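The listed protein sequences correspond, in order, to chains A and B. Residue 377 is where the first sequence starts when you use the numbering used here, and the numbers rise one by one after that. Residue 26 is where the second sequence starts when you use the numbering used here, and the numbers rise one by one after that. C-beta: ideal position from N, C-alpha, C; glycine also. Everything numeric in this text was worked out from a predicted model, so none of it was measured. Just below is one structure, and these are the notes that go with it.
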Amino acid sequence: MSRRPLIREVPPSTWFFRHPRYLRYMAREVTSLFVGAYCVLLVIAMQRLSAGPIAWQEFLAALRSPASLVFHLAAMAAAFYHAGTWFNATQKAMPLQLGEDFVPGAYISGAHYLVWAVLSLVVLFVAGVI
Amino acid sequence: MAKSHKPVVWFPFAAGGTVIAFCMPVIVVLGFLAALGHVPPGLSYESLRAFAAHGIGKLILFGVIALSLWSSAHRLRCTCYDFGLRADTLIATVLYVAAIVGSAATAMFLFRI
Chain A
377 MSRRPLIREV PPSTWFFRHP RYLRYMAREV TSLFVGAYCV LLVIAMQRLS AGPIAWQEFL
437 AALRSPASLV FHLAAMAAAF YHAGTWFNAT QKAMPLQLGE DFVPGAYISG AHYLVWAVLS
497 LVVLFVAGVI
Chain B
26 MAKSHKPVVW FPFAAGGTVI AFCMPVIVVL GFLAALGHVP PGLSYESLRA FAAHGIGKLI
86 LFGVIALSLW SSAHRLRCTC YDFGLRADTL IATVLYVAAI VGSAATAMFL FRI
């Protein structure tokens, strides 16, 4: 008797509408688009910075366009969503065992959130925002 | 022992994912403030140039940008696959080459400062 393996047809580009969990996964995947675009902007910023004060002023002025403002809002949402999901995943990705027991996952993620908050505040302080 | 090139791709991806998670939100917030017209004092030409002129500043800027670029390239490759684009070799080549070129360009710009 031959075992008939279960073969399902999976639509290659609409599969993630089948389950909310897949949709949340894809939402996280899409953040890479905005984060990637922001990385490109950072490379351009370094070029402008190396080109001198006038180029840098022009770059800062270009940032004030409406398109840039919308892009920044989208990139900000993507960056925060990526950070939150990344820190939530740390407790699954690197579980910590002390003796017989595992450290509660909330502590591991919580520690990441704490470090994130401190680091962000330090950057804001160094940049003179606070 | 089976050899795989996967760790070479995967390590900068994981490191980049961590760097993006920790650093990217605050960087975008700084950019957003500049976009609103409230340029943070740290983003003025003099302060940012002074930061980038220092060896440690260069290293921080290069590390954050290069690792983020590599991680984004790897994630975009996976995203393309998940959206049904199955030309993986082509997409991977284009994205990784872009990440390498972007990193090299960043290093070059930072050396000029």
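Neighbour list for residue i in chain B, Cβ cutoff strictly below 7 Å
i      : result
A/L500 : V51
A/S389 : F108, G109
A/H448 : V53, G56, F57, A60
Within chain A, the residues that residue i reaches when beta carbons sit closer than 9 Å
i     : result
B/L94 : G412, C415, V416, L418, V419
Where residue i sits in the DSSP three-state scheme
i      : result
A/L382 : coil
B/L110 : coil
B/M26  : Caution is warranted here: a pLDDT of 48 is assigned to B/M26, below 50, making its placement in the model unreliable, and the coordinate value is therefore given only provisionally. In this structure, B/M26 counts as coil in the three-state DSSP scheme.
A/L472 : coil
B/L92  : helix
Buried versus exposed, by CB contacts within 10 Å (16 or more), residue i
i      : result
A/R400 : exposed
B/M112 : The identity of residue 112 of chain B in the sequence shown is Ala, whereas the question assumes Met. Result: exposed.
B/L95  : One point to set straight first is that residue 95 of chain B is Trp, not Leu, in the sequence displayed. Looking at its Cβ environment, which holds 16 or more other Cβ atoms inside 10 Å, B/W95 is buried.
B/P32  : exposed
A/Y483 : exposed
B/M26  : Since pLDDT at B/M26 reaches only 48, below the 50 mark, its modelled position is unreliable, and the value read off the structure follows with that caveat. Classification for B/M26: exposed.
Residue i: contacting residues in chain A (beta-carbon distance under 7 Å)
i     : result
B/I45 : V411, H458
N- and C-terminal bounds of the alpha helix (DSSP H) containing residue i
i      : result
A/T466 : 442 to 469
B/P50  : 31 to 60
A/P429 : 429 to 439
A/L490 : 481 to 502
Partner residues on chain A for residue i, Cβ-Cβ distance less than 8 Å
i     : result
B/I90 : C415, L418, V419, M422
8 Å Cβ cut-off: residues of chain B touching residue i
i      : result
A/G504 : P65, P66, G67, S72
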